[in-house]
Amino acid sequence: MSAVTRKKYKNYLINLLLLIVLIFALFPIYWMFTMSLKNKVDSLAMPPRWFFNVTFDNYLSVFSGNNFSNYFINSIIISLMSTIVVLAIGVPAAYTLTRMKFEAKKHISFWIISTRMAPPVAVLIPYFIIFKHLGLLDTRTSIILMHIGMNLPLTVWIMQGFFKEIPFALEEAASIDGCSRWKTYYQIILPTVIGGISAAAILAFVFSWNELMYTLTLSGRSSRTITADMYNYISYQEINWGPLCASGMVVLIPIFIFVILVQKRLVQGLTVGIIK
Amino acid sequence: MGNPIFREKRIFIYQSILPAIFILFIITILPFFINLYNSLRDYYLANPEGSYFIGFQNYYNIIFNDPNFWKALSLNLIFVVSAVCIQFCLGIGIASLIHQNESPFSRFIQGSLMLPFAATPIAMAFIWRLMFNPSLGIFNYFFGLFNINAVTWLSQPKLAFFSLILVDTWQWTPFMMLLLLAGLKALPTEPFEAASVDGATFFQTLFHVTLPLIKPVSMIAMLFRIIDSFKTFDIIFIITRGGPGNSTETLNLYTFYKGFNHLRMGYASALSIIMLIIIIVIAQKFIKYTGINEMGVF
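The following block contains the structure:
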C-alpha cells in the first residue's frame, strides 16, 4: 500500500470517528426537535417512529399558553440588559487592568478571576434574604443583578486577552495627537477590539439565557422566564412531552441562531485568553 | 510630562475600574460576610421569631453530626474527578483528530460541536431524562436491538451517578476540545515533523510529543473545568433531583435543599462557607501542583 493510499485510509478513519462524535453530540437535540413535531401517540411510541406525521400542535399550545409572550419578553430583557451592563462595566475595567500600571493591579486581576470559585448557592442564599427584605423578589432587576455578577469575571477575563493583542503604538499615536484617555478609549481602542466585544457579548448573553438557579429561585409569576417556564408542562399526573419539547426548542432557537452566525467569534472569545 | 497628565490618568483608572470593583464587592465580599453572619445563627425561615445566635453550632453539626454532608462531599469529588478526566481524554482525542485533518468537514464539526455547549441545560436535561427512561427511552431501545436487557438508568444509585457524568461529558467535552484545539494549533510543527521522521505511531506522538507540549493549556482548561464542575447544578436538579434517595445529591444540591426546601438558612450558609473553602483549597493545590503560576497566566 503506497503512502498516499495509506494517508487516504487514515483520513477516512478520522472522518468516520468524527462523524460518530457528531452524531452523538447532535442526537439529543435532533430527538427533541422531532419530539416537538410529533403528536401524542408518535412521541412516546416504542420502537420509535423515525417517520411520522408532522404536527405543529405542540408549538401552538406553547405559544398560546398563559403568559408565554410575557415570559419570552422577560427572558430577552433579562439577558439583554445583563449583557449590556456587563459590557459597559467589564470592558473598561479589562482595558485598565491590561494597560495601566498601578499598584493594586495584580491583586484585582486575581480577585476577579478567583470569584469564579464561589458556588452560586453561596451568593444565592444571602441575596434571597436581601431581596426578600427589599421586596425585590419577583422582579427582573434582581435576576439581572445576579447575572451581571455571574458574567462579569468571565467578560473581564476574555477582554483582557483581546486587549493584550493591541500594539502600544495605537495609544502612543493618540496621546501624541493630544487625545484624552477616555477619548482614546472610545474612538481608537474600542473599534479595534470590536471582535472581542462581540465574543464577550455573545458568551454573556448565552450564559444569562441558559442560567437556571437564580432564575428559578428569584422569579415569580411576573418575572418568570421561558427557561423556568418549562416546568409548566410537568404536572402531577404526567409529563406533557410534546409541548415540553416544543418549548425547549423555542428556548434553544435564539441560542442556535447566535451560535451559527457567530461561532468563529465564540471560539475566539473562549480561547484568546488562554493562548498567548 | 507634568502633573495634569498623571492626574488625568489616575482619574481614568478610577472611573474605568470602580464600577466593576463595586459590583464584584457586592457579589462576592458582601454575600460572604452575610453568609458568615448567618452561619453563626439558627435561621429557620419559617420561624416567626427570626434568627438567634448559636455560635459555631452549625459548623460543628455539619462536620461531626451530618453523614449527608460527607456523602455529598464525596459524591462531588468523585463527580469532579471522573468528569474532568473523561472530558479531558475525549477532548484531547477529538481535538487531535480535527487537528490532523483540516477540511471543510472538520470545520463544520467544530461549529456543530458548539451546540451541546451552548444549548440550554434545562432543555437538554429533560430530553436526557426521557432518553434514560426504562421503557420509553431510546437507550434501552438500542440495547434491546442488541438483545441486552433494559437498564433502569436513573433508579439505581451508581447508574444514576454514571448517567449524570455522561450528560455532563456530553455538554462540556466540546468546551475542553475547543480549548485544546486552539492550543494544538498554536504549537510549533518541528517536534511533530521530527517525530514522524523518526517513525513514531499515532499514540507515541500523542503521549511523548503532544501532551507535554500543551501542558500549559491543558492545565488551565482542567482548572476551569474542575472549578465549574463543582458547581454543577442544572442537570442534576432536573434529571435526578438528587437521585434515588440522595445518591446523586452533591454538595451544591444539598446546600440548596437545606436552604430552600428545609428553610434552614443558617445551616445552608455554613454549608456554603465550607464549600467555598473546599473549592479554594482544591484550586490552590491544583495551581501549585501543576505550576500554573509560573506560566505567568494570572
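Protein chains in written order, with the numbering used here: chain D, 1400 to 1675; chain S, -6 to 291.
Glycine included, every Cβ here is placed at the ideal spot set by N, Cα and C.
Every value quoted in this text rests on a predicted model; they were computed, and no experiment measured them.
Pair within 7 Å by beta-carbon distance, residue i and residue j
i: S:I231; j: S:I115; result: yes
i: S:L70; j: S:T243; result: no
i: D:L1669; j: S:L171; result: yes
i: S:A118; j: D:L1651; result: no
i: D:I1541; j: D:L1617; result: The displayed chain sequence assigns Ser, not Ile, to residue 1541 of chain D. The answer is yes: Cβ separation under 7 Å.
i: S:L38; j: S:M268; result: no
i: S:I120; j: D:W1430; result: yes
i: D:F1561; j: D:T1482; result: no
i: S:N51; j: S:A263; result: yes
i: S:T283; j: S:F154; result: no
i: D:A1492; j: S:S9; result: yes
i: S:I87; j: S:S99; result: no
i: D:I1596; j: D:L1665; result: no
i: S:P237; j: S:P150; result: yes
i: D:T1591; j: D:I1565; result: yes
i: D:M1558; j: D:A1599; result: yes
i: S:S32; j: S:I266; result: yes
i: S:I47; j: S:D35; result: yes
i: D:A1568; j: D:S1435; result: no
i: S:T21; j: D:T1404; result: no
Local Cβ density within 10 Å of residue i, reported as buried at 16 or more and exposed below that
i: S:F249; result: buried
i: D:W1556; result: buried
i: D:S1621; result: exposed
i: S:F291; result: Residue placement at S:F291 cannot be trusted, given a pLDDT of 43 that sits under 50; what the coordinates show is reported in the next sentence. With fewer than 16 Cβ atoms within 10 Å of its Cβ, S:F291 is classed as exposed.
i: D:M1445; result: exposed
i: D:I1656; result: exposed
i: D:H1546; result: buried
i: D:Y1613; result: buried
i: D:L1660; result: exposed
i: D:A1402; result: exposed
i: D:D1576; result: exposed
i: D:E1610; result: buried
i: S:A76; result: buried
i: S:K251; result: buried
i: S:D227; result: buried
i: S:L138; result: exposed
i: D:K1407; result: exposed
i: D:Q1662; result: buried
i: D:L1544; result: buried
i: S:G289; result: Since pLDDT at S:G289 reaches only 48, below the 50 mark, its modelled position is unreliable, and no value is offered.
i: D:V1420; result: buried
i: S:G84; result: buried
i: D:F1509; result: exposed
i: S:I41; result: The residue asked about is misnamed: residue 41 of chain S is Pro in this sequence, not Ile. By the neighbour-count rule (16 or more Cβ atoms within 10 Å), S:P41 is not buried but exposed.
i: D:L1412; result: exposed
i: S:P109; result: buried
Residue i beta carbon near the ligand SAH (any heavy atom closer than 6 Å)
i: D:M1434; result: With respect to the ligand SAH, the structure shown offers nothing to examine, as it has no ligands at all.
*asked:* Check whether the segment 215 to 234 of chain S and the segment 1 to 21 of chain S touch, using three or more Cβ-Cβ pairs below 8 Å as the test.
replied: no
*Could you pull out every unbroken alpha helix (DSSP H) segment of at least 4 residues lying fully inside the segment 1577 to 1653 of chain D, listed in chain order?*
1580 to 1583, 1593 to 1609, 1612 to 1617
*Stretch pair the segment 1453 to 1462 of chain D + the segment 1628 to 1644 of chain D: three plus CB contacts closer than 8 Å*: yes
*Taking a cut of 7 Å between CB atoms, which residues from the segment 249 to 275 of chain S lie near chain D?*
F249, G252, F253, M258, A261, S262, S265, M268, L269, I272, I273
*Would you call the segment 1625 to 1633 of chain D and the segment 1463 to 1470 of chain D touching, i.e. three or more CB-CB distances under 8 Å?*
yes
*asked:* In chain order, what are the residue ranges of uninterrupted beta strand (DSSP E) at least 3 long that sit wholly in the segment 1474 to 1530 of chain D?
replied: none
*Determine contact between the segment 144 to 161 of chain S and the segment 126 to 136 of chain S, defined as no fewer than three beta-carbon pairs at a distance below 8 Å.*
yes
_Any C-beta of chain S within less than 7 Å: which residues of the segment 1569 to 1592 of chain D qualify?_
S1579, R1580, W1581
*Between the segment 118 to 136 of chain S and chain D, which residues of the former have CB atoms less than 8 Å from a CB of the latter, in chain order?*
F119, I120, W121, L123, M124, S128, L129, I131, Y134
_Any 3 or more C-beta pairs closer than 8 Å across the segment 204 to 217 of chain S and the segment 161 to 180 of chain S_ = yes
*Hey, which unbroken runs of the alpha helix (DSSP H) at 4 residues or more fall wholly within the segment 221 to 262 of chain S?*
227 to 232, 244 to 253
*At what residue ranges does the segment 26 to 112 of chain S contain a whole run of the alpha helix (DSSP H), taking only runs of 4 or more?*
50 to 58, 60 to 93, 97 to 105, 107 to 111
*asked:* Closer than 8 Å between beta carbons: that is the criterion. Which residues of the segment 1602 to 1622 of chain D meet it against chain S?
replied: V1605, W1608, N1609, L1611, M1612, T1616
*Contact between the segment 148 to 167 of chain S and the segment 1413 to 1428 of chain D: three or more CB pairs below 8 Å?*
yes
*With contact counted as at least three CB pairs below 8 Å, one residue from each stretch, are the segment 1578 to 1585 of chain D and the segment 1519 to 1526 of chain D in contact?*
no
*With 9 Å as the limit, tell me which residues of the segment 1545 to 1560 of chain D have their beta carbon closer than that to any beta carbon of chain S; keep them in chain order.*
M1545, I1547, G1548, M1549, L1551, P1552, V1555
*asked:* Please list, in chain order, the residues of the segment 1421 to 1447 of chain D that have any C-beta partner in chain S closer than 7 Å.
replied: L1421, A1424, L1425, P1427, I1428, W1430, M1431, L1443, M1445, P1446, P1447
*Mind listing, in chain order, the continuous alpha helix (DSSP H) runs of no fewer than 4 residues lying wholly within the segment 1407 to 1480 of chain D?*
1439 to 1442, 1456 to 1462
*asked:* Taking beta-carbon pairs under 9 Å, can you tell me which members of the segment 211 to 237 of chain S lie near chain D?
replied: I213, A214, F217, I220, D221, F223, K224, F226, D227, F230, I231
*asked:* So if I threshold CB-CB distances at 8 Å, which residues from the segment 1467 to 1484 of chain D count as touching chain S?
replied: none
*asked:* At a CB distance below 9 Å, what residues from the segment 1651 to 1666 of chain D approach chain S? Give them in sequence order.
replied: L1651, I1654, F1655, F1657, V1658, I1659, Q1662, K1663, L1665, V1666
*Below 7 Å between beta carbons is the criterion; list the residues of the segment 1403 to 1421 of chain D that meet it against any residue of chain S, in chain order.*
N1410, I1413, N1414, L1416, L1417, V1420, L1421
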